[in-house]
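> In our numbering, the protein residues as written are 24 to 299. Quick reminder that beta carbons are idealized off the backbone N, C-alpha and C, glycines included. Just so you know, these numbers come straight off a predicted model, no measurement behind them.
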Ligand SMILES: Nc1nc2c(ncn2[C@@H]2O[C@H](COP(=O)(O)OP(=O)(O)OP(=O)(O)O)[C@@H](O)[C@H]2O)c(=O)[nH]1
Ligand SMILES: [Mg+2]
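1) Can you find the residues in the same chain that come closer than 6 Å, C-beta to C-beta, to residue 198, ignoring five residues on each side of it along the sequence?
2) Assign residue 272 to one of two classes, buried (16 or more other C-beta atoms within 10 Å of its C-beta) or exposed (fewer than that).
3) Going along the chain, which residues of its own chain have a beta-carbon closer than 8 Å to the beta-carbon of residue 69, five neighbours each way excluded?
4) Entirely within the region 137-177 and at least 3 residues each: give me those beta strand (DSSP E) ranges in chain order.
5) CB residue 268 to CB residue 257, shorter than 8 Å?
6) Please classify residue 106: does DSSP put it in a helix, a strand, or coil?
7) Is residue 274 near ligand 2 - that is, is its Cβ less than 7 Å away from at least one heavy atom of it?
8) Rounded to whole angstroms, what's the CA-CA distance from residue 75 to residue 250? Just pull it up for me.
9) Leaving aside the five residues before and after residue 263 along the sequence, list all residues of the same chain whose C-beta is less than 7 Å from its C-beta, in chain order.
10) Can you tell me where the beta strand (DSSP E) holding residue 125 begins and where it ends?
11) Following the continuous alpha helix (DSSP H) through residue 272, name the residue where it begins and the one where it ends.
12) If I follow the unbroken alpha helix (DSSP H) through residue 42, where does it start and stop?
13) Quick one: complete beta strand (DSSP E) runs, 3+ long, within the region 44-80?
14) Contact defined as beta carbons within less than 8 Å: I believe residue 260 pairs with residue 282. What is the distance between those atoms, to the nearest angstrom?
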């Protein structure tokens, strides 16, 4: 059972609800490795009935077939959905095009009247999904602080992206209660839950349960089969990778961290934790 909903997240949600009155649309950032787990029902109170652009971010870490199924899934909900890699130059241009497309009638009408209408978008999502990286990519500048762990952004900020688009970065917010442990574990695996509050061995075992054993055989050279218990798989990975403490015992915590780091950085492969 994972629960991490510190006071600042509740405060952030309230602030977002108040700021959302100024917003025309929302850039809802999802980690493409587990987009459904990234859906936070609390955001409904912020978004209400305004347009959403779902962003399947970190698309570079997932294979194209999975991306395509999730795009279909979100588009069927009547919202825009794009996939991207926010770490490459120009990776987020598609967001600007999508916003301009959603508001094209209003933009055209305002142009005729010679009024420069500003479209305001709030960037929201669970921690570590890449919101600040997207903001920086959109502005072509390091405006927002980013980091490879949950809870980097602590306060809101508005930034100008084009002559007619302004966006606001927000701190990541998790669900106050998880009704589905599997979703919580997915978020923990991808790094949305602060590692310090987790039992990383438990999370690594959950990751192993989700991975194709053949992939682990290829990547780590371990001798296992589909019936090998997950804790034995983890031990074998530790042994192969030299995670050993005095007396030849496996350092299981270090092995867990190593496996999670390999997964999070894409070293194990392009893997989606969810199927649709
Ligand atoms: N591979 C890959 N990594 C990404 C991508 N976008 C962001 N990242 C990495 O993900 C990590 C988290 O990025 P941030 O932008 O700080 O995430 P955030 O959503 O702002 O996180 P909080 O502020 O904690 O809520 C960083 O290490 C980024 O470099 C992407 O498209 N692909
Ligand atoms: Mg951030």
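On the basis of the coordinates in this document:
1) 63
2) exposed
3) 36, 39, 40, 43, 49, 145 and 147
4) Runs of the beta strand (DSSP E) lying entirely within the region 137-177 and spanning at least 3 residues, in chain order: 142-148.
5) No, these two residues do not count as a Cβ contact at 8 Å.
6) strand
7) no
8) 43 Å
9) 243, 244 and 245
10) Where residue 125 is concerned, there is no enclosing beta strand (DSSP E), although the alpha helix (DSSP H) it sits in stretches over 116-125.
11) That residue, residue 272, is in no alpha helix (DSSP H); it is neither H nor E in DSSP.
12) 30-42
13) Segments of the beta strand (DSSP E) lying fully in the region 44-80: 48-54 and 75-80.
14) Indeed they touch by this definition, with Cβ atoms about 6 Å apart.
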